[in-house]
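Reviewing the structure listed below.
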Amino acid sequence: MNIVGISGSPSLRSRSHWLLQLTQTRLEGLARVNDLIAVRTLDSAALLSADARAASVRQAVERVAAADLVVVATPIYKAAYSGLLKLFLDLLPQDTLRGKTVLPLATGGSLAHLLALDYALKPVLSALGARDILDGVFATDQQLASHDESGGYVPDAALLERLDRALQPLLDAKGAALGRALQPY
Ligand SMILES: Cc1cc2nc3c(=O)[nH]c(=O)nc-3n(C[C@H](O)[C@H](O)[C@H](O)COP(=O)(O)O)c2cc1C
140 MNIVGISGSP SLRSRSHWLL QLTQTRLEGL ARVNDLIAVR TLDSAALLSA
190 DARAASVRQA VERVAAADLV VVATPIYKAA YSGLLKLFLD LLPQDTLRGK
240 TVLPLATGGS LAHLLALDYA LKPVLSALGA RDILDGVFAT DQQLASHDES
290 GGYVPDAALL ERLDRALQPL LDAKGAALGR ALQPY
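Counting from 140, one number per residue, gives the positions in the sequence shown under my numbering.
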């Protein structure tokens, strides 16, 4: 499976980026390609002027177009996904996500905007053609405690359980495909 993560946080040290990395690590066994696009590293002038011809943006768009599974991670900003993520999603051609499975992830300061994935991000993913959108995973900052020595975070048990539940359909599909491959003629 060709897996591409899109990280929509403008922050260098980012909980949503870390959650995306954790997710992609857990999917390692399914991945032929396991690629992560941090939108903050793309050509900012190109993003701001919606210039899809800039090399870094063009290559990122091509990587998304080639994916089977797209994992989209964002911080919640003002009750929605980040503006940085929107700048990138706006550059994806119509129907880029058709035929792909999409997994949304978000981190937020509190549970107040838990539904932002449903009312804000999912409609945009649908507009890009996504029909197979897995249950999103939302984590509060409290559920991702800072781990200063590593510069990473420590997820709490409830978050890990929710993440594994969200990934289960992908792992089940892989198991079923393996089972079919092992069926005697
Ligand atoms: C400009 C700004 C706006 C924010 N707005 C919200 C919000 O509306 N709701 C919320 O739950 N958290 C909000 N937060 C908190 C972030 O969503 C939260 O800290 C998140 O984990 C940051 O993700 P990141 O570390 O990947 O950037 C906001 C943070 C910033 C900097």
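Yeah, the Cβ is synthetic: ideal placement off N, Cα and C, and Gly gets one too.
Taking DSSP's pairing of strands, which residues face residue i in a bridge?
i	result
F277	A245
D271	T240
I142	N173, L208
Y258	Looking at the DSSP assignment, Y258 forms no beta bridge with any residue, so it has no partner.
H286	G291
P214	T246
A219	Y216
If you draw a straight line from the C-alpha of residue i to the C-alpha of residue j, how long is it?
i	j	result
L298	A312	22 Å
L231	G291	30 Å
S188	F227	11 Å
L175	T240	16 Å
A284	R152	13 Å
F277	W157	13 Å
L310	L169	8 Å
L302	D229	27 Å
L250	L256	12 Å
A269	S289	35 Å
L161	T235	25 Å
L159	V211	8 Å
V200	Y216	24 Å
Does at least one heavy atom of ligand 1 sit under 7 Å from the Cβ of residue i?
i	result
T162	no
K225	no
If I measure Cβ to Cβ from residue i and keep anything under 6 Å in the same chain, skipping five residues before and after, which residues do I get?
i	result
S260	Per the sequence shown, residue 260 should be read as Leu rather than Ser. Only Y220, P243 meet the Cβ criterion.
R179	P149
A177	S146
Going along the chain, which residues of its own chain have a beta-carbon closer than 8 Å to the beta-carbon of residue i, five neighbours each way excluded?
i	result
H286	Y292, V293
D274	R304, A305
L253	G247, F277
Using C-beta distances below 7 Å, list every residue in its chain close to residue i, excluding the 5 sequence neighbours before and after it, in chain order.
i	result
D182	A193, S195, V196
A205	N141
V263	L228
Notebook entry, point to check: What does the shell around ligand 1 hold, if a residue joins when its beta-carbon is under 6 Å from any heavy atom?
Noted result: Qualifying residues come out as S148, S150, S153, R154, S155, H156, P214, I215, Y216, K217, A218, T246, G247, G248, S249, A251, H252, D280.
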